[in-house]
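Input: a single structure, listed below in structure tokens.
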């Protein structure tokens, strides 16, 4: 047992040394991203709300709203359009990495282009979190490095719990591993911080890294389906550049109305550009425990008839579990409390890297140096 514990310790140390820098970057950027949605919602609060005209005026047809955006930004490539089931809500047209445009659904007037400063900041932070902010061909390299580092982080979190577990089950030994000591310095302080912070953040870090692995690796995503007894979905191949020209069907309003009236909803989103024969909607019904649950609706663009309806409640357990994964990774599944817990765990992870490196450097610096005997031991 002692040998096994020693092997785990050295594997833990080696993994921390090799991946520590990348784990530190992921923890810091993860902490910065914890409240992204809240900050953006606050910064864009005035752009997201419009004045409702008197007399129950209907909104403009969807194709007109899209046309208004294209007139405002001729080179834009809209990726989706979203409407909330609230009369005072602005329509949102996403433009991919270029941002998004908020538009008054009654007049077609642009109410804003988002909080560009904040969105630019979070884009850099997210790029660093996902692929070390590398671009071009380097992005895949950065992603591979971060994915592997996250996998090692998962091992560190699990092995750390094993190493942390007191050899003697007594309050004295347990207390030393869960309570910060204020008066200690140097190695003793780093060891205490590493042990205590590791204990309090370990469970959350295991959840964050495990959900990160599912996001990073296809085999891990497929494993979610396999473990729930379901067949993994086929990977969709991206369309070659230029294969899908941006064309707005003349009957888009009919298609949208069909989707709107199919089921009560909170938000409805149409993927753009629309395929030649199918318009795909994502609908938030707001009736499920998972507040990020989404149902999918496909409508024939020629006949404006429904060809496929995939309600969230009817999806297999693997697909439902995958829908929890992303927002569990960001902490948003637990609301503001979940985001705060995720933030603190990320900060704790950064401190674990700092104290871990400090302990490792001391260990390597003293490699081969015999400890000095005290007077009592010499006697």
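In this note's numbering, the protein residues as written are 791 to 1169.
Virtual Cβ for every residue (Gly too), placed ideally from N, Cα, C.
Quick caveat: nothing in here was measured; it's all calculated off a predicted structure.
query, result
"Close-in-space but distant-in-sequence residues of the same chain around residue 1020 (CB under 7 Å, 5 per side omitted)", "1106, 1107, 1108"
"Among 1117, 860, 911, the one whose alpha carbon lies nearest that of residue 829", "911"
"Neighbour-count burial assignment, residue 793, 16 or more Cβ in a 10 Å radius", "exposed"
"Contact under 9 Å by Cβ, residue 985 with residue 915", "no"
"Cβ separation of residue 1078 and residue 1102, assumed to be a contact under 8 Å, to the nearest whole Å", "6 Å"
"Three-pair Cβ contact test at 8 Å for the stretch 1036-1044 versus the stretch 1063-1083", "yes"
"Environment of residue 864 [buried if 16+ CB atoms lie within 10 Å]", "exposed"
"Cross-strand partners of residue 1085 (DSSP beta bridge)", "1073"
"Alpha-carbon spacing of residue 1116 relative to residue 991, whole angstroms", "19 Å"
"Nonlocal neighbours in the same chain, by C-beta distance under 7 Å from residue 1076, ignoring five residues either side", "1056"
"Range covered by the beta strand (DSSP E) that runs through residue 874", "870-874"
"6 Å CB neighbourhood of residue 1167 in its chain, flanking five on each side removed", "Low confidence applies to residue 1167: its pLDDT is 43, below 50, so where it sits in the model is not reliable enough to give any reading."
"Neighbour-count burial assignment, residue 1169, 16 or more Cβ in a 10 Å radius", "With a pLDDT of 41 at residue 1169, under the threshold of 50, the predicted position of this residue should be treated as unreliable, though the coordinate-derived value follows. Counting Cβ neighbours within 10 Å, residue 1169 comes out exposed, since fewer than 16 surround it."
"Anticipated Cβ contact below 8 Å, residue 1091 with residue 1131, distance rounded", "No, residue 1091 and residue 1131 are not in contact; Cβ-Cβ is about 44 Å, not under 8 Å."
"Every unbroken alpha helix (DSSP H) inside the stretch 884-926 [4 residues or more]", "906-921"
"8 Å contact criterion, which residue 904 and residue 834 should meet: CB distance rounded", "6 Å"
"Contact set for residue 1022: own chain, Cβ-Cβ below 8 Å, skip 5 residues either direction", "1011, 1012, 1015, 1016, 1108"
"Residue 831: first and last residue of the uninterrupted alpha helix (DSSP H) it sits in", "826-833"
"Proximity to residue 1154 [Cα-Cα], best of 803, 798, 796, 797", "803"
"Best match in 843, 939, 1124, 951 for proximity to residue 811 [C-alpha to C-alpha]", "939"
"Selection from 931, 1127, 1089, 1083 that minimises the alpha carbon distance to residue 1060", "1089"
"Of the residues 941, 1024, 851, the one placed nearest residue 1001, counting alpha carbons only", "941"
"Beta strand (DSSP E) segment containing residue 1099, residue limits", "1096-1100"
"Residue range of the beta strand (DSSP E) that includes residue 823", "Looking at the DSSP string, residue 823 is not in any beta strand (DSSP E); the run it does join, the alpha helix (DSSP H), is 792-823."
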